[in-house]
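Report on the structure given below.
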Amino acid sequence: MAGKMARCRKVQNGLLSMCTTSLVLNLNLIDDILMVNREMSYGIMGSERNSHILIYQTTKQTGCLYFDGESATLFGSGMMDTQMLFIYGNVTGPHVDDGRRFRGLEDEYNRASGLCQWVQDKGLGGLGWGVEGIVRMNAGFEMIWCNFTSPSVRLLTKTNVTAPLLREVDDDAVSEDQGHDSNAENFVDRAFTPEYTNTSPGYYPLPTDTSPPDRSKEPGQPPMPPSWRSSGQEPFLASQTWGWFESATWHYGSTGRGAGRGETRVKPLTCGFLTFYDPIYHEQQIERAIIERKKLNLTTNGHWVGSDTPNDRKAALQQLARRKRYHSLQNISETDALVMNDAAERVLKSLNFNNLETSGVGFSATKNCTGIDWTSVTNDIVQRYAPRLQQLSTIFDRRSNIDMKNSTAVKRWFMGLRQHTHFLLMPYFEYPTESADQDELSILQHQTLSKCQYQYTRLLAPDFNTVPLTPEESIIMSSVEETLGNICLWIVNVGLAVEREWHDQFDGHPSSPSITTAPASLYNRINSWQTGLEELMAWLGWVDQWTYCKDGCAQDEVCFIPMWPMDNIDQPGRRIWPGPGGGGPKYGYGYGRPGRKYPVNGDKNDIPEGLPGKHPKGPPNWSMNEESLWEPKCIKTEYAMWYEIINN
Numbered sequence: 001m002a003g004k005m006a007r008c009r010k011v012q013n014g015l016l017s018m019c020t021t022s023l024v025l026n027l028n029l030i031d032d033i034l035m036v037n038r039e040m041s042y043g044i045m046g047s048e049r050n051s052h053i054l055i056y057q058t059t060k061q062t063g064c065l066y067f068d069g070e071s072a073t074l075f076g077s078g079m080m081d082t083q084m085l086f087i088y089g090n091v092t093g094p095h096v097d098d099g100r101r102f103r104g105l106e107d108e109y110n111r112a113s114g115l116c117q118w119v120q121d122k123g124l125g126g127l128g129w130g131v132e133g134i135v136r137m138n139a140g141f142e143m144i145w146c147n148f149t150s151p152s153v154r155l156l157t158k159t160n161v162t163a164p165l166l167r168e169v170d171d172d173a174v175s176e177d178q179g180h181d182s183n184a185e186n187f188v189d190r191a192f193t194p195e196y197t198n199t200s201p202g203y204y205p206l207p208t209d210t211s212p213p214d215r216s217k218e219p220g221q222p223p224m225p226p227s228w229r230s231s232g233q234e235p236f237l238a239s240q241t242w243g244w245f246e247s248a249t250w251h252y253g254s255t256g257r258g259a260g261r262g263e264t265r266v267k268p269l270t271c272g273f274l275t276f277y278d279p280i281y282h283e284q285q286i287e288r289a290i291i292e293r294k295k296l297n298l299t300t301n302g303h304w305v306g307s308d309t310p311n312d313r314k315a316a317l318q319q320l321a322r323r324k325r326y327h328s329l330q331n332i333s334e335t336d337a338l339v340m341n342d343a344a345e346r347v348l349k350s351l352n353f354n355n356l357e358t359s360g361v362g363f364s365a366t367k368n369c370t371g372i373d374w375t376s377v378t379n380d381i382v383q384r385y386a387p388r389l390q391q392l393s394t395i396f397d398r399r400s401n402i403d404m405k406n407s408t409a410v411k412r413w414f415m416g417l418r419q420h421t422h423f424l425l426m427p428y429f430e431y432p433t434e435s436a437d438q439d440e441l442s443i444l445q446h447q448t449l450s451k452c453q454y455q456y457t458r459l460l461a462p463d464f465n466t467v468p469l470t471p472e473e474s475i476i477m478s479s480v481e482e483t484l485g486n487i488c489l490w491i492v493n494v495g496l497a498v499e500r501e502w503h504d505q506f507d508g509h510p511s512s513p514s515i516t517t518a519p520a521s522l523y524n525r526i527n528s529w530q531t532g533l534e535e536l537m538a539w540l541g542w543v544d545q546w547t548y549c550k551d552g553c554a555q556d557e558v559c560f561i562p563m564w565p566m567d568n569i570d571q572p573g574r575r576i577w578p579g580p581g582g583g584g585p586k587y588g589y590g591y592g593r594p595g596r597k598y599p600v601n602g603d604k605n606d607i608p609e610g611l612p613g614k615h616p617k618g619p620p621n622w623s624m625n626e627e628s629l630w631e632p633k634c635i636k637t638e639y640a641m642w643y644e645i646i647n648n
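Under the UniProt record's numbering, the first residue of the sequence shown carries the number 1, and numbering increases by one thereafter.
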């Protein structure tokens, strides 16, 4: 659904949103790229011999671009497609062959500078106005900040977080510090004395110099993230990853366990949504349809041509539900790329970032938008219907345990089904009179469907709303209506059929075990209702809403959704991150390092046993592996620490 702003794993990168932000931002050695959580900043770039954390805060509401999906993920499998199109006009970037297998984070700097240059070239932002940053996500949110001399941000603190090295190291530890005088580096040199502004009584002073000591003010090559380096003497190299990933869980959106708060510090301007799912991108739609017909075994009319055995059908529906995860822009045409580029420029200029309000209202009442919070609308739809559809699916599955020859058991099961369909039908349905004829019932069904489908958009219809919607809001509105149209069609058809069967089969008919069986026609209708529900849920593709740690987690654990950069390390020789190729576009770089086999005594079996039942054996096995992706795991500090140890 266009506009759904939960943490989304199913779509690679096809949505660009305009946003405003009021943040406390954290910088740890990566010039220009700030982490929204300080734990993430330290988790990526801490444990160095000259490690400083700089904390910034915005002085006012500022404008930004947001690339949806895990758009800061370096897998090379589609997540960065949209931003690459903005910078280079293609999804791979320039071909670089300088003899290096590994280019470090150099290409990340190129992307950061390229996006900021695009904003500048289009006249869309500058010091203190317009677009000043780009928000992306991996296992947490980060912002590329274009110019630190902007009055929109202020440095709050600048702290040397370098920890003394351990004096003793285990024999098995792998250290890149071998050959160096580690004793000389054991204690941190704190001779650096920053300059501070005058302070208010009782408050800490504000620093004035923003550059780290002994570092060039020009972006250089930063140290590698923790999984790419090893030092047996660094005391927090292993545990810092836990802080990074734990902080990411604080900003989950809705999952199978219910609604989460998401990343609330960045406010999407929903009238500024742009998506490659827009029908105007004809060539992209055609290409995607061709790929999906082949991958999902569909006819040109969208009908599945696989065998109708239960297992094959279940696998096909599962693949259909997860289809958007494989969408990318690898085959985007130059024409469609230019259309998106021009649309983004048009939208940003129409939003009039120059007049960004500081009252906290922002663009909610801008003349170019209706003021509707489409994020709240789409979240409400998902949170209302996703769990109830899942509940109904469970009720249908339980039918296999019902003795259809026992009319009492059948009636009890049917009563439970009716309770759930009534909840969904209730706001839009008026019971007909006993004398209602077929024409009246048909009109009632149509009115019920219309009330349900247009419950959020009725006042935007032409007979009431005389102000034309922008193309961006029009596509969101049509997405909402189409999504609700399919949900409500099943609800109304099945809900009314359930009411009819209850009236004809059960209401006023005493249950008796002597009644041999439920009518065959009822059994067939129930099968068709269940089939329709399964196909609806697969079409919706809200897999993230039906994914959760099913056994629950202990107090010292978090339910962690598999995400970059955790990798599958249950298989010997697997890389931490994919090397060149990676199953997708290379983005002009070769991320990865030679795969290391199990380093603990060289024995893959030398892994601690997981706790019984819900816990994995040893470290988490997460990557692009589809089997583990949809199975979140309860983890605690030891798992993240062991992940670091086993990969270093």
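Note that beta-carbon positions come from the ideal geometry of N, C-alpha and C, so glycine has one too. Just so we're clear, the structure is a prediction, and the values are computed from it rather than from any experiment.
Are residue i and residue j close, meaning C-beta to C-beta below 7 Å?
i	j	result
residue 131	residue 63	yes
residue 34	residue 143	yes
residue 336	residue 292	no
residue 47	residue 237	yes
residue 558	residue 263	no
residue 495	residue 449	no
residue 84	residue 71	no
residue 278	residue 475	yes
residue 637	residue 244	no
residue 40	residue 140	yes
residue 383	residue 289	no
residue 274	residue 296	no
residue 671	residue 328	It is not possible to answer for residue 671, since the shown part of the chain is limited to 1 through 648.
residue 42	residue 240	yes
residue 452	residue 553	no
residue 306	residue 316	yes
residue 480	residue 454	no
residue 396	residue 285	no
residue 687	residue 561	This structure does not reach residue 687, given that the chain is present from 1 up to 648, and the question cannot be answered.
Please report the Cβ distance between residue i and residue j, rounded to the nearest whole angstrom; I am assuming they are in contact, meaning their Cβ atoms lie under 8 Å.
i	j	result
residue 541	residue 323	7 Å
residue 115	residue 134	5 Å
residue 270	residue 375	5 Å
residue 156	residue 56	6 Å
residue 523	residue 268	Between residue 268 and residue 523 the Cβ distance is about 47 Å, and since that is not below 8 Å, they are no contact.
residue 418	residue 502	6 Å
residue 124	residue 345	7 Å
residue 411	residue 506	5 Å
residue 265	residue 91	Contact flag wrong, Cβ pair sits at about 29 Å.
residue 86	residue 118	6 Å
residue 483	residue 372	Wrong, their Cβ atoms sit about 16 Å apart, outside the cutoff.
residue 338	residue 235	The Cβ separation is near 52 Å, so there is no contact.
residue 498	residue 394	Rounded, the Cβ-Cβ distance is 16 Å, inconsistent with contact.
Which one or two residues does DSSP pair with residue i in a beta bridge?
i	result
residue 255	258
residue 137	141
residue 160	52
residue 558	635
residue 34	143
residue 650	Nothing about residue 650 can be read from this structure; the chain reaches only from 1 to 648.
Query raised in the report: Do the stretch 466-475 and the stretch 486-494 touch if we need at least three Cβ pairs shorter than 8 Å?
Result: no
Query raised in the report: Does the stretch 536-552 touch the stretch 388-403, meaning 3 or more C-beta pairs lie closer than 8 Å?
Result: yes
Query raised in the report: Given 8 Å as the limit, is there contact between the stretch 155-162 and the stretch 41-52, that is, 3 or more CB pairs closer than that?
Result: yes
Query raised in the report: Where in the stretch 360-446 do unbroken runs of the alpha helix (DSSP H), each at least 4 residues long, occur, reported from the N-terminal end onward?
Result: 374-398, 407-425
Query raised in the report: Hey, which unbroken runs of the alpha helix (DSSP H) at 4 residues or more fall wholly within the stretch 238-317?
Result: 240-249, 282-296
Query raised in the report: Three or more beta-carbon pairs under 8 Å between the stretch 434-444 and the stretch 531-540, yes or no?
Result: no
Report task. Taking 8 Å as the threshold, find out whether the stretch 456-465 comes into contact with the stretch 425-436 through three or more Cβ pairs. Result -> no
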